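>
Numbering (the working numbering), first residue to last: 550 to 700.
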């Protein structure tokens, strides 16, 4: 297993910690998935980006908020591990660590930014960082032949 695969899984986990939908959307949008999975991933990201601004959304560090981030990060890491011909346990573990780090970093960023810029601007910057991490994690990992519909 390459350190590149593990690094991509950490980055993907961090993105999922910031926005849960990016955990699986990153590999789907950068892979050779068909148009339906790509559309579903894009809709999920857009929907979460809009919904996340609502005050009823659970705190990302709560069990309810962290669980979907961990699941999404693990699912995306599994896809990246398959692309890199790696056994899933270690990539999933480092992605989970990335989810926790990304969640904590997102909370810290938003707290720091709240005193300096409007909340919506802080949220958009966080969205851009999450997108960059997720899409960057999937770059250069396209499989030669699609073995699974989300690859």
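Glycine residues also receive a C-beta, built at the ideal position from the N, C-alpha and C atoms.
All values reported here derive from a predicted model rather than from experimental measurement.
At which residues does the alpha helix (DSSP H) containing residue 674 begin and terminate?
Along the chain shown, read from residue 1 onward, the residue named residue 674 stands at position 125. From DSSP, the alpha helix (DSSP H) with residue 674 extends over 668 to 687.
> Quick one: Cα of residue 635 to Cα of residue 624, how far?
For this step, residue 635 is matched to residue 86 along the chain shown. For this step, residue 624 is matched to residue 75 along the chain shown. Straight-line Cα distance between these residues: approximately 14 angstroms.
> Quick one: give me the first and last residue of the alpha helix (DSSP H) that residue 575 is part of.
As a first step, residue 575 must be located in the chain shown, where it is residue number 26. Note, residue 575: alpha helix (DSSP H), 571 to 579.
> Cα-Cα, which of 556, 567, 552 and 555 is closest to residue 653?
By one-based count along the chain shown, residue 653 stands at place 104. That would be 567, whose Cα lies nearest to the Cα of residue 653.
> Could you compute how far the alpha carbon of residue 600 sits from the alpha carbon of residue 570?
Numbered from its first residue, the chain shown carries residue 600 at position 51. Numbered from its first residue, the chain shown carries residue 570 at position 21. When rounded, the distance between both Cα atoms is 12 angstroms.
> Quick check: residue 646 and residue 553, are their CB atoms within less than 8 angstroms of each other?
Stepping through the chain shown from its first residue, residue 646 is reached at position 97. Stepping through the chain shown from its first residue, residue 553 is reached at position 4. Cβ distance not < 8 angstroms, so residue 646 and residue 553 don't count as in contact.
> Kindly indicate the opening and closing residues of the alpha helix (DSSP H) around residue 586.
Here residue 586 is taken as the residue at index 37 of the chain shown, counted from 1. First-last of the alpha helix (DSSP H) with residue 586: 584 to 600.
> So, at 6 angstroms on beta carbons, what are the nonlocal neighbours of residue 662 in its own chain, with the 5 sequence-adjacent residues on each side left out?
In the chain shown, residue 662 corresponds to position 113, counting from 1. Result list for residue 662: 671, in chain order.
> Assuming residue 638 is part of the alpha helix (DSSP H), what are its boundary residues?
Working through the chain shown from its first residue, we reach residue 638 at position 89. Residues 638 to 663.
> Do residue 572 and residue 621 have their beta-carbon atoms positioned less than 8 angstroms apart in this structure?
Walking along the chain shown from the start, residue 621 turns up at place 72. Walking along the chain shown from the start, residue 572 turns up at place 23. Yes, the pair counts as a contact, with Cβ atoms nearer than the cut-off.
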